[in-house]
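Listed in order, the protein sequences are those of chains A and B. Counting from 1, position 2 in the first sequence corresponds to residue 192 in our numbering; the numbering is continuous, with no gaps. Counting from 1, position 46 in the second sequence corresponds to residue 236 in our numbering; the numbering is continuous, with no gaps. What follows is one structure encoded as structure tokens, with my remarks underneath.
Number of protein chains: 2
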Amino acid sequence: MARTRNSLETRTKLIEAARDLIRAKGYSATTVDDICHSAGVTKGGFFHHFESKDQLGVAAAEHFSAMAEQLFATAPYCALQDPRDRLFGYIDFRTAMFGYEIAQYTCLLGTMVQEAYSTHPNVREACAAGMTTHVEDLARDIEAAKQLYAPSASWTSESVGYFIQAVLQGAFIFAKAKQGPEVALESMMHLRRYLETLFYPI
Amino acid sequence: MARTRNSLETRTKLIEAARDLIRAKGYSATTVDDICHSAGVTKGGFFHHFESKDQLGVAAAEHFSAMAEQLFATAPYCALQDPRDRLFGYIDFRTAMFGYEIAQYTCLLGTMVQEAYSTHPNVREACAAGMTTHVEDLARDIEAAKQLYAPSASWTSESVGYFIQAVLQGAFIFAKAKQGPEVALESMMHLRRYLETLFYPI
DNA sequence: AATTACATACCAACCGGTCGGTACCGAACA
DNA sequence: TGTTCGGTACCGACCGGTTGGTATGTAATT
Chain A
191 MARTRNSLET RTKLIEAARD LIRAKGYSAT TVDDICHSAG VTKGGFFHHF
241 ESKDQLGVAA AEHFSAMAEQ LFATAPYCAL QDPRDRLFGY IDFRTAMFGY
291 EIAQYTCLLG TMVQEAYSTH PNVREACAAG MTTHVEDLAR DIEAAKQLYA
341 PSASWTSESV GYFIQAVLQG AFIFAKAKQG PEVALESMMH LRRYLETLFY
391 PI
Chain B
191 MARTRNSLET RTKLIEAARD LIRAKGYSAT TVDDICHSAG VTKGGFFHHF
241 ESKDQLGVAA AEHFSAMAEQ LFATAPYCAL QDPRDRLFGY IDFRTAMFGY
291 EIAQYTCLLG TMVQEAYSTH PNVREACAAG MTTHVEDLAR DIEAAKQLYA
341 PSASWTSESV GYFIQAVLQG AFIFAKAKQG PEVALESMMH LRRYLETLFY
391 PI
């Protein structure tokens, strides 16, 4: 084993192992030993980088948020001129992700916050922050599209952003429950249909 | 302590304690000791009624499903003649529930299946079954409303039922993350608006 | 008398976290 | 150039407490 003794690399390996395990088993069921074994690090190494399991949860949420931000900031649809097209590009992009394995497209933040919201306040806060940031990013395109296609509509772009995320989170739950994306994909179709009614061409 | 030595009552107390604890802390973080303490039963009593924690999880899912079925089968809106009115009665009824405490209106099935989908197949199956049954019940009104108000629409009533549930599940996640129902309520409003577009009066 | 419905006491495995130690680094100094 | 040195990265044995689950006892019900 070529141990490279790279602090950042080890830390990242721990976080990514946590991300994958928590997405599959949940936060509580994922043990520190699990994470260490999966990352090829010992317990001593783990607690050198994180002072508690909770703090790793927070770090994982932040890491996930950063990854998502980067992913959706560099996706092909971002190059589109029309903000409405970018919004539907986002929807279609996320819909296409349901083609991968469940543990690859589900949201770490939504999974963690369900378990942690009342017992692990730091984790809850980190998840909420990540989700809020993502909605804010999304809401910028929604707002721009609103100015163009529905300037006098009564809804706020922020609430539409949250609605989109709610559908996604619910779709993830059904993908897990049904062990497949079929039902989730139909929900994404309904979501798209709704958004089309919001941004009717002038 | 008035020990009543009533088998069914003890079993129900265990299930309801599990329901409340799991909704607040998740399945894995809820221990058998927790449940026993909360229900006022010892561990011996617990394992007299359930042969494993998993089986309790299954029983809790079934209990929750039965309770929900009863709740939504006897709610005031069920008396309405028009299936479209019943559907919106359901939406408004569920929207109103966001006024209670988080742990009272969130869905045990959605919470459990997030954690259990890959590691506790029996629990996953019980959750999926309960959710499917609920959607089927709901889809009956949707189908009847479709016949009246949108007979030639291309969507299936089942998919609309799942969409409604997806929004609800997502709304629960945001209510937990945000520690309040505001964002969730806005999502319910968007959901209602969408359903209105589906069932436009003839 | 037999069965049911619990309580008590207990277990091995596992949990998050600690701790003393070690391998390795770059900088300072001779 | 070689040596020392303090700090960082990491190891792995260990700890007290907790976990799901069991073995056994006993009082009430049938």
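Cβ coordinates follow ideal geometry from the N, Cα and C atoms, glycine included.
Query raised in the report: Can you tell me the Cα-Cα spacing of THR285 (chain A) and PRO273 (chain B), whole angstroms?
Result: 31 Å
Query - Any C-beta of chain B under 8 Å from that of THR202 (chain A) - result: no
Query - Nonlocal neighbours in the same chain, by C-beta distance under 6 Å from ASP282 (chain A), ignoring five residues either side - result: none
Query raised in the report: Excluding five sequence neighbours on each side, which residues of the same chain lie with their C-beta closer than 6 Å to the C-beta of THR296 (chain B)?
Result: ARG213, PHE362
Query - Touching by the beta-carbon criterion (3+ pairs, under 8 Å), the region 288-295 of chain B and the region 345-352 of chain B - result: no
Query raised in the report: Got a sec, what are the start and stop residues for the alpha helix (DSSP H) CYS226 (chain B) sits in?
Result: 222-229
Query - Endpoints, alpha helix (DSSP H) assigned at HIS239 (chain B) - result: 233-239
Query - Three-pair Cβ contact test at 8 Å for the region 358-375 of chain B versus the region 309-328 of chain A - result: yes
Query - Beta-carbon neighbours of TYR352 (chain B), restricted to chain A and to distances below 8 Å - result: PHE364, VAL373, GLU376, SER377
Requested in this report: Could you list which residues in chain A have their beta carbon closer than 9 Å to that of ALA214 (chain B), in chain order?
Outcome: TYR307, SER308, THR309
Query raised in the report: Closer than 8 Å, CB to CB, is VAL303 (chain A) near chain B or not?
Result: yes
Query raised in the report: What does a CB cutoff of less than 8 Å around ALA343 (chain B) pick up in its chain, not counting 5 residues either side in sequence?
Result: LYS336, LEU388
Query raised in the report: How many angstroms separate the CA atom of GLY279 (chain B) from the CA atom of GLY235 (chain B)?
Result: 42 Å
Report task. Report yes or no: is there a C-beta of chain B within less than 8 Å of the C-beta of SER349 (chain A)? Result -> yes
**Report entry** Per-residue burial, GLY360 (chain B) [other beta carbons within 10 Å of its own, 16 or more giving buried]
**Finding:** buried
Requested in this report: Determine the chain B residues that contact LEU228 (chain A) at a beta-carbon separation under 8 Å, and present them in chain order.
Outcome: Before going further, note that residue 228 (chain A) is Ser rather than Leu in the sequence given. Correct list: empty, because the minimum Cβ distance to chain B is about 15 Å.
Query raised in the report: Would you call ASP331 (chain A) buried or exposed, if buried means 16 or more other Cβ atoms sit within 10 Å of its Cβ?
Result: buried
Query raised in the report: Closest to VAL394 (chain A) by CA distance: which of A:GLN245, A:ASP210, A:GLN304, A:SER197 is it?
Result: The structure shown does not extend to residue 394 (chain A), since chain A spans only 191 to 392, so no value can be given for it.
Query raised in the report: Excluding sequence positions up to five away, which residues of its chain have a Cβ less than 7 Å from the Cβ of TYR267 (chain A)?
Result: ARG276, GLY279, TYR280, PHE283
**Report entry** Backbone CA spacing between ALA251 (chain B) and GLN271 (chain A) [nearest angstrom]
**Finding:** 48 Å
Query raised in the report: Is it the case that the CB of ARG382 (chain B) approaches a heavy atom of the ligand COA more closely than 7 Å?
Result: The ligand COA is not part of the structure shown, which contains no ligands of any sort.
Report task. Pick helix, strand or coil for SER344 (chain B), following the three-state DSSP scheme. Result -> coil
Requested in this report: Please classify TYR384 (chain A): does DSSP put it in a helix, a strand, or coil?
Outcome: helix
Report task. Assign MET302 (chain B) to buried or exposed, taking buried as 16 or more other Cβ atoms, counted over all protein chains shown, within 10 Å of its Cβ. Result -> buried
Requested in this report: Using a Cβ-Cβ cut-off of 8 Å, state whether ARG209 (chain A) counts as contacting chain B.
Outcome: no
Query raised in the report: For ASP210 (chain A), which residues from the same chain have a beta carbon less than 7 Å from its beta carbon, with the 5 sequence-adjacent residues on both sides left out?
Result: ALA293
**Report entry** 7 Å Cβ cut-off: residues of chain A touching MET287 (chain B)
**Finding:** Per Cβ cutoff of 7 Å: no residues; MET287 (chain B) is ~16 Å from chain A at best.
Query - C-alpha gap between THR309 (chain A) and ASP244 (chain A), whole angstroms - result: 10 Å
Requested in this report: Show which residues of chain B have a CB atom less than 8 Å away from the CB atom of GLY370 (chain A).
Outcome: Within 8 Å Cβ-Cβ: nothing; GLY370 (chain A) doesn't reach chain B, min ~11 Å.
Query raised in the report: Since GLY216 (chain B) and SER218 (chain A) are thought to touch, with beta carbons under 8 Å apart, how far apart are those beta carbons, to the nearest angstrom?
Result: 6 Å
Report task. Using only alpha-carbon positions, find the residue among B:ASP224, B:HIS227, B:HIS239 that is nearest to THR202 (chain B). Result -> B:HIS239
Report task. Please classify PRO311 (chain B): does DSSP put it in a helix, a strand, or coil? Result -> helix
Query raised in the report: Just checking my contact of VAL222 (chain B) with LYS233 (chain B) at CB under 8 Å: how many whole Å lie between their CB atoms?
Result: 7 Å
Query - C-alpha gap between LEU338 (chain B) and VAL325 (chain B), whole angstroms - result: 20 Å
Query raised in the report: Does CYS268 (chain B) get closer than 8 Å to chain A when you measure Cβ to Cβ?
Result: no
Query raised in the report: What are the complete alpha helix (DSSP H) segments, minimum 4 residues, inside the region 243-282 of chain A?
Result: 243-263
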